[in-house]
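When the sequence shown is numbered by the UniProt record's numbering, its final residue is 371 and no position is left out of the sequence of numbers.
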Amino acid sequence: MNDAQSSWAEARRILCIRLDNLGDVVMSTPAMRALKTLPARPRLTLLASSAGAAAAPFLPDADEVLCYDAAWVKNDAAGNQHDIRMIQRLREQRFDAAVIFTVYSQSALPAALLCHLAGIPRVLAHSRENPYRLLTDWVREHEPEQGVRHEVQRQLDLVASVGAVAADTRLAWRVRQADRAALRQRLHAAGVTEPGGWIAVHSGASAASRRYPAAQYAQAVAALRHEGRRIVLLGTAAERGLGGQLAALRQSVPGLLDLCGALSLGELAAAIESAAVLVCNNSGPAHIAAALGVPVVDLYALTNPQHTPWQVPSRVLYHDVPCKYCYRSVCPQGHHACLAQVSPRRVAAAARELLAHGAHGWQPAQTGLAA
């Protein structure tokens, strides 16, 4: 055990900072589980954005979740009072250590300064720049120049540097019985009697660049209508556009159920848990499905390479383009070709493959061209 590992072994209160989206929080859960294996069996507090903090009730290894929309992350917060109050709140909690989880295109230094001002004595993070006093445990940033790891592996490697290693590296999401019961009530009211086994389709994503066109989603859904399974549409009220695209197809898609905007986050997870397969974009629901062991057809916009479904049967569909890995929220070329050129026929075929193999068709998350 080196000096850094010895210091972390004594940490009883650790702050885990993950300030981007819900899916990023879910992909950090294996690293949080690893932190729980440290000798002091620390209490973990997650500091997350409004979007990420929504996962709070469903994270088994987070003892507490604090919501913080940071000044250096895109959000609707304004002014600096929120930041000043958070520094004081963190100071009052007297954390022994903090871990900052970031993708390689993000800088950990603003969050490290927050920890420094809050008096947290040990801070671990990746950093490309020399952090000087902001990080006591500096893991040099070598991505993407020396290769790119899956986001889950990146964070597992980070905490392993201070001695936190877990044998179980699966994503974590706890579905509550109350959410299962609420979902059953909604389904019963809609005349649905089967307990699960449906094809779930979630058409949303936080960034426009990661959304498969609604008209093509509708065609893929129509192509799956003869599989002998109910098709359930999931998403927020903003994603009801897919339901609109399907309006003319309802007569030919028997049993189609549109639950967009009708479910809480917990109920959404319960609906995914009961699905035979989830068809979705690269978004939070893909990672919830992976945590629950549900096969995923991931319509994967080539905005970044490291967020594919983790340790679950999957088919990752995209069209290769020269402008891939743009890390942009809106397609900078305007053509959206990395998704728009994935045919609905290929989407339906991928879903059929996973339905045929079920949970026994596992393969490492990988990319696959689609015409």
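Ideal placement from N, C-alpha and C gives every residue a C-beta, glycine not left out.
Notebook entry, point to check: What's the call for S252, buried or exposed, on a 16-neighbour Cβ count within 10 Å?
Noted result: Around the CB of S252, fewer than 16 other CB atoms lie within 10 Å, so the residue is classed as exposed.
Check: Beta-carbon separation of V159 and A351 under 8 Å?
Finding: With contacts defined by Cβ atoms closer than 8 Å, V159 and A351 do not form a contacting pair.
Margin query: On the DSSP letters alone, give me the boundaries of the beta strand (DSSP E) that H202 sits inside.
Written below: Unbroken beta strand (DSSP E) run through H202: W198 to H202.
Note to self: For the region 162 to 169 against the region 275 to 286, do three or more pairs of beta-carbon atoms, one drawn from each stretch, fall closer than 8 Å, so that the two count as touching?
What the structure shows: No: fewer than three Cβ pairs fall under 8 Å.
Margin query: Beta-carbon within less than 7 Å of A62's beta-carbon, same chain only, minus the 5 sequence neighbours each way: which residues are those?
Written below: M32, L44, L46 and A56, listed in sequence order.
Check: With DSSP run on the structure shown, which of helix, strand or coil describes A237?
Finding: If DSSP states are grouped into helix, strand and coil, A237 belongs with the helices.
Next item on the list: Tell me the start and end of each unbroken alpha helix (DSSP H) in the region 28 to 84 that is at least 4 residues and wholly inside, in chain order.
Entry: Counting only runs of 4 or more residues that sit fully inside the region 28 to 84, the alpha helix (DSSP H) segments are 29 to 35 and 50 to 53, in chain order.
Notebook entry, point to check: Do three or more CB pairs link the region 301 to 313 to the region 218 to 230 at distances below 8 Å?
Noted result: With the cut-off at 8 Å, the region 301 to 313 and the region 218 to 230 do not touch.
Check: Between which two residues does the alpha helix (DSSP H) harbouring D179 extend?
Finding: Its alpha helix (DSSP H) spans residues Q177 to A189.
Margin query: By the DSSP assignment, the beta strand (DSSP E) with R18 in it spans what residues?
Written below: Here the beta strand (DSSP E) through R18 covers R13 to R18.
Margin query: Considering only the alpha carbon of each residue, which of L38, G23, Q81 and K36 lies closest to A54?
Written below: Selected option, being the one with the closest Cα: G23.
Note to self: Just to confirm the assignment, what range does the alpha helix (DSSP H) spanning I100 have?
What the structure shows: In the DSSP assignment, I100 falls outside any alpha helix (DSSP H) and within the unbroken beta strand (DSSP E) covering A97 to I100.
Next item on the list: Report the option in P213, V296 and A291 whose CA atom is closest to the CA atom of P344.
Entry: Closest option to P344, Cα to Cα, is P213.
Notebook entry, point to check: In whole angstroms, what separates the C-alpha of A270 from that of G284?
Noted result: Distance between A270 and G284, taken at the CA atoms: about 14 Å.
Check: What whole-angstrom Cβ distance do R133 and H150 have, given they're in contact under 8 Å?
Finding: Cβ-Cβ separation between R133 and H150: approximately 31 Å, too far for a contact (criterion under 8 Å).
Item checked: Helix, strand or coil at A9 according to DSSP, with G and I counted as helix -> The answer is helix: DSSP assigns A9 an H, G or I state.
Notebook entry, point to check: Which value, in whole angstroms, describes the spacing of the CA atoms of A51 and D69?
Noted result: Taking the straight line joining both Cα atoms gives about 9 Å.
Margin query: So for V342, helix, strand or coil by DSSP?
Written below: Coil.
Next item on the list: Run the CB neighbour count on I231, radius 10 Å, all protein chains shown included, and call it buried at 16 or more, exposed below.
Entry: I231 comes out buried.
Next item on the list: Taking L156 as part of the alpha helix (DSSP H), name the residues at either end of that continuous run.
Entry: Residues E151 to A160.
Notebook entry, point to check: Near A118, what residues of its chain come up, given a Cβ to Cβ distance below 6 Å and the 5 sequence neighbours on each side ignored?
Noted result: Taken in chain order, the residues that qualify are I87, L90 and R91.
Check: Where does S283 fall in DSSP's three states?
Finding: Residue state for S283 is assigned as coil, using DSSP reduced to three classes.
Item checked: First and last residue of the uninterrupted beta strand (DSSP E) at A125 -> That run of the beta strand (DSSP E) goes R122 to S127.
Next item on the list: Label residue 444 either buried or exposed according to how many other C-beta atoms from any shown protein chain fall within 10 Å of its C-beta, with 16 as the threshold for buried.
Entry: In the structure displayed, the chain extends from 1 to 371; residue 444 sits before or after that span and is not available.
Check: Three or more beta-carbon pairs under 8 Å between the region 74 to 82 and the region 93 to 110, yes or no?
Finding: Verdict: no, contact absent.
Check: Where I17 and A111 are concerned, what is the direct C-alpha to C-alpha distance, given to the nearest angstrom?
Finding: Computed Cα separation, rounded: 8 Å.
Check: Closest by CA to R122, which one among L339, A348 and R94?
Finding: It is R94.
Check: Rounded C-beta distance between V347 and V296? I'm assuming under 8 Å.
Finding: 12 Å between Cβ atoms; not a contact.
Check: Smallest Cα separation from I272: which of G255, G235, V221 and S127?
Finding: Checking every option, the nearest Cα to that of I272 belongs to G235.
Check: P364 by DSSP, collapsed to three states: which one?
Finding: Confidence at P364 is low in this model, with a pLDDT of 37, below 50, so its placement is unreliable and no value can be given for it.
Margin query: I need the boundaries of the beta strand (DSSP E) containing Y318, first residue and last residue.
Written below: Bounds of the beta strand (DSSP E) holding Y318 are S314 to Y318.
Next item on the list: Assign residue 377 to buried or exposed, taking buried as 16 or more other Cβ atoms, counted over all protein chains shown, within 10 Å of its Cβ.
Entry: Outside the displayed range of the chain (1 to 371) lies residue 377, so it cannot be described from this structure.
Note to self: Between L233, A172, V139 and E10, which has its C-alpha nearest L259's C-alpha?
What the structure shows: Among L233, A172, V139 and E10, the Cα nearest to that of L259 is on L233.
Notebook entry, point to check: Which residue comes first and which comes last in the alpha helix (DSSP H) that contains L221?
Noted result: In the sequence under discussion, the amino acid at residue 221 is Val, which differs from the Leu named in the question. Under the DSSP assignment, V221 falls in the alpha helix (DSSP H) whose first and last residues are A214 to A223.
Checklist line | Identity of the residue in P60, L38, A34 and L257 nearest A9 by Cα | finding: A9 has its Cα closest to that of L38, out of P60, L38, A34 and L257.
Item checked: Neighbour-count burial assignment, Q363, 16 or more Cβ in a 10 Å radius -> In this predicted model, Q363 has a pLDDT of only 42, less than 50, meaning its place in the structure is not dependable; the value taken from the coordinates is given anyway. Per the 10 Å Cβ criterion, exposed.
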